[in-house]
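Here is the structure we will look at.
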Amino acid sequence: MRHFLTLDDFTKEELIEILNIAFDIKAEIKNGIIKHRMRDKSLAMIFEKSSTRTRVSFEVGITQLGGHALFLSSRDTQLGRGEPIKDTARVISRMVDMVMIRTFKQCDVEEFAAYSKVPVINGLTDEFHPVQLLADYMTMIEHNKANHPKVAYIGDGNNMAHSWLMLASKMGFDLSIATPKGYEVDKDILNRALKNAKISAAKISITDDPKIAIKDADVVTTDTWASMGQEDEKRQREIDFRGFKIDSSLMKLAKKDAIFLHCLPAYRGQEVSEEVLEGPQSVIFDEAENRLHAQKGIMLWLDTHRS
Ligand code: CP
Ligand code: NVA
Numbered sequence: 001m002r003h004f005l006t007l008d009d010f011t012k013e014e015l016i017e018i019l020n021i022a023f024d025i026k027a028e029i030k031n032g033i034i035k036h037r038m039r040d041k042s043l044a045m046i047f048e049k050s051s052t053r054t055r056v057s058f059e060v061g062i063t064q065l066g067g068h069a070l071f072l073s074s075r076d077t078q079l080g081r082g083e084p085i086k087d088t089a090r091v092i093s094r095m096v097d098m099v100m101i102r103t104f105k106q107c108d109v110e111e112f113a114a115y116s117k118v119p120v121i122n123g124l125t126d127e128f129h130p131v132q133l134l135a136d137y138m139t140m141i142e143h144n145k146a147n148h149p150k151v152a153y154i155g156d157g158n159n160m161a162h163s164w165l166m167l168a169s170k171m172g173f174d175l176s177i178a179t180p181k182g183y184e185v186d187k188d189i190l191n192r193a194l195k196n197a198k199i200s201a202a203k204i205s206i207t208d209d210p211k212i213a214i215k216d217a218d219v220v221t222t223d224t225w226a227s228m229g230q231e232d233e234k235r236q237r238e239i240d241f242r243g244f245k246i247d248s249s250l251m252k253l254a255k256k257d258a259i260f261l262h263c264l265p266a267y268r269g270q271e272v273s274e275e276v277l278e279g280p281q282s283v284i285f286d287e288a289e290n291r292l293h294a295q296k297g298i299m300l301w302l303d304t305h306r307s
């Protein structure tokens, strides 16, 4: 049995298999074909943080596959009152067919998976957001930006930056990350990516200068400066991230036909200007829709790889 906890748990070939499933079922649904490949299966969705896209896309996704989702907020379950993860995992996984978790610590998702009888999917932790990156890569493929592209990530060295490192180093493309001093990516995750990059021939570079990172990029992306759980740091971060907003003048340094991605929610006037977010290079709503298709691909792949 396999879990989907980080992109690093998968080979490039496996990630392509999942993407192919996602593209096939996206085409089917666009042609009005609905196949209940996970008929009567239940997906438990545990949320310890807020969500719009992840909740809706997983719930609709499993429904379209003929299954059913349970929304479990830590506010309403015993998990929020201190029931251990290992007990929760053993109870829930005896009743459902798959679990998706959004929480703070990556080690909590890993502990849940270690005790679970069914596949577990990481729906975002402080360290990683792997399901988002599969949707992002799908969007790059659809916009012809997956053939040895240069991707520029400008912003916080957070879960999205880490996931871009994992994706680039697996798929073998160029990634340039610009973070302000003091907000760099995690060193261990960077080293893992650099190790993978030796095999995939990915080129990874790190700078504190957004202009260097964005130069001649095919794909430009960013994320909020203050992630969930960092609300108290918001004002300080607005000061520390000055010069990191992706606006039209910065965008001009990328290739003319570059696309702009953002996992959303976006904060206009902070990490990205209204003009770029709403402009012709922005494909953020294609990207958001692809969450649905990519995650159906992940669920189906995990379901067919159960022993
Ligand atoms: N991008 C993303 O995961 O959005 P939500 O927080 O709304 O799920
Ligand atoms: N980095 C953001 C991503 C939200 C989808 C966060 O963790 O809040």
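Every letter in the sequence shown is one number past the one before it in the numbering used here, and letter 8, counting from 1, is 8.
Backbone N, C-alpha and C define an ideal beta-carbon position, used for all residues, glycine too.
Since the structure is predicted, the reported quantities are computational estimates derived from the model, not experimental observations.
Could you name the residues of the same chain whose beta carbon sits closer than 6 Å to that of residue i, not counting the 5 residues immediately before and after it, in chain order?
| i | result |
| --- | --- |
| residue 134 | 294 |
| residue 183 | 156 and 157 |
| residue 153 | 161, 164, 177 and 221 |
| residue 66 | 36, 38 and 39 |
| residue 70 | 44 |
With a threshold of 6 Å, establish whether the CB of residue i neighbours any heavy atom of the ligand NVA.
| i | result |
| --- | --- |
| residue 139 | no |
| residue 227 | yes |
| residue 122 | no |
| residue 147 | no |
| residue 160 | yes |
Excluding sequence positions up to five away, which residues of its chain have a Cβ less than 7 Å from the Cβ of residue i?
| i | result |
| --- | --- |
| residue 253 | 211, 214 and 215 |
| residue 57 | 291, 292 and 295 |
| residue 272 | 222, 245, 246, 262 and 266 |
| residue 255 | 216, 217 and 218 |
Would you say the beta carbon of residue i is closer than 6 Å to some non-hydrogen atom of the ligand CP?
| i | result |
| --- | --- |
| residue 116 | no |
| residue 224 | no |
| residue 264 | yes |
| residue 53 | yes |
Compute the beta-carbon to beta-carbon distance between residue i and residue j, rounded to the nearest angstrom, for a pair I have assumed lies under 8 Å.
| i | j | result |
| --- | --- | --- |
| residue 219 | residue 151 | 4 Å |
| residue 97 | residue 35 | At roughly 17 Å, the Cβ-Cβ gap does not stay under 8 Å, so residue 97 and residue 35 are not in contact. |
| residue 159 | residue 124 | 6 Å |
| residue 52 | residue 286 | Between residue 286 and residue 52 the Cβ distance is about 17 Å, and since that is not below 8 Å, they are no contact. |
Got a sec? Which residues, its chain only, sit under 8 Å from residue i by beta carbon, not counting five neighbours each side?
| i | result |
| --- | --- |
| residue 194 | 169 and 204 |
| residue 309 | Any question about residue 309 goes unanswered here, given that the chain covers just 1 to 307. |
| residue 130 | 4, 5, 6, 7, 122, 163 and 166 |
| residue 9 | 2 and 3 |
| residue 229 | 49, 104 and 126 |
Inset, instruction - Could you tell me which uninterrupted alpha helix (DSSP H) segments, each at least 4 residues in length, are contained entirely in the region 27 to 96, listed from first to last along the chain? - result: 53 to 64 and 85 to 92
Legend entry - Every unbroken alpha helix (DSSP H) within the region 137 to 203, with a cutoff of 4 residues, ordered by chain: 159 to 171 and 187 to 200
Legend entry - Secondary structure, beta strand (DSSP E): runs of 3+ residues fully inside the region 206 to 248: 219 to 222
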